[in-house]
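Contents: one structure, followed by commentary.
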Amino acid sequence: MTDTLTFYTNPMSRGQIVRWMLEEVGVPYDPVLLDYATTMKAPDYLAINPMGKVPAIVHNGTIVTECAAICAYLADAFPAANLAPLAQARGAYYRWLFFAAGPLEAAITNNAMGFVLPEGRERTAGYGSLDDVLNALEQAVSGEAWICGDQFTAADVYVGSQIDWGLSFGTVPERPAFTAYAERLRARPAYQRQKEIDGALIAAMQNQG
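The letter at position 99 of the sequence shown is residue 99 when you use full-length UniProt numbering, and the numbering goes up by one with no holes.
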């Protein structure tokens, strides 16, 4: 049976993360571009993602939403791409995927919106403080290898996207480990293909506006 893989996205969204992952996987996919105000809130798409948000994928009838989940799913669905470690070596892989989707996302978003934790309530927030999160993240990407050692994985796509975007928009501070890691990511052909595709789509949308 031939795989069918539909990718719902908007180029000005976290869909860029999933497109990068799809380019790393290297299998054909059918992109469907949605508009924030209309098609993203239409009944047919809400049946796929009740949140009315992108990205989402439908692979042979299986719906997956949430960027980290999609990246992990694609790595398992297409093992020939070698984007997930063997089961017994997935400690760092799962650790940092969930770290980026949880503490990192929450800490960066709260900081960007000016939310300040009341003194003494750090444990209640779960992530402690932004500095705690960034110091832990720095450990994950220090050195010259990838998050799981010599193997580039879906964790690098997801965590790396957070760092890459954070450095570009100033929500992640310039630290040597972050900068060096981002430079390695930006050299990957799949990353460059994603930027070219989504960049062209963004330019076309802006020209229409």
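From the three backbone atoms N, C-alpha and C, an ideal C-beta is built for every residue, glycine too.
Count the other CB atoms, across all protein chains shown, that sit within 10 Å of the CB of Asn10; report buried if there are 16 or more and exposed otherwise.
Buried: at least 16 other Cβ atoms inside 10 Å.
Original post:
Count the other CB atoms within 10 Å of the CB of Glu24; is the residue buried (16 or more) or exposed (fewer)?
Top reply: Taking all protein chains in view, the Cβ of Glu24 is crowded by 16 or more other Cβ atoms within 10 Å, so the residue is classified as buried.
At which residues does the beta strand (DSSP E) containing Thr6 begin and terminate?
Going by DSSP, Thr6 is part of the beta strand (DSSP E) stretching over Leu5 to Thr9.
Can you tell me which residues form a DSSP beta bridge with Val58? Looking at the DSSP assignment, Val58 forms a beta bridge with Thr6 and Ile63.
Check: Where do the N-terminal and C-terminal ends of the alpha helix (DSSP H) with Val159 fall, by residue?
Finding: Ala154 to Phe169 is the span of the alpha helix (DSSP H), which, as asked, contains Val159.
Closest by C-alpha distance to Leu97, when choosing among Ala180, Ala140, Leu5 and Pro55:
The shortest Cα separation from Leu97 among Ala180, Ala140, Leu5 and Pro55 belongs to Ala140.
Next item on the list: Using only alpha-carbon positions, find the residue among Ala77, Ala125, Gln162 and Glu122 that is nearest to Glu138.
Entry: Nearest to Glu138 by C-alpha distance, out of Ala77, Ala125, Gln162 and Glu122, is Gln162.
Looking at the strands, I want to know which residues DSSP matches up with Gly149. Its beta-bridge partners are Trp146.
**Request:** Over the uninterrupted beta strand (DSSP E) stretch that includes Val172, give me the two end residues.
**Result:** Segment: none, Val172 is in no beta strand (DSSP E) and carries neither H nor E.
| Fully enclosed by the region 20–89, which beta strand (DSSP E) runs are 3 residues long or longer? | As far as the region 20–89 is concerned, its whole beta strand (DSSP E) runs of at least 3 residues are 30–33, 56–59 and 62–65.
| Under the three-state reduction of DSSP, which class applies to Phe178: helix, strand or coil? | The answer is helix: DSSP assigns Phe178 an H, G or I state.
Report task. Determine contact between the region 170–181 and the region 197–206, defined as no fewer than three beta-carbon pairs at a distance below 8 Å. Result -> These segments do not touch.
DSSP three-state assignment for Ala187, whether helix, strand or coil: If DSSP states are grouped into helix, strand and coil, Ala187 belongs with coil.
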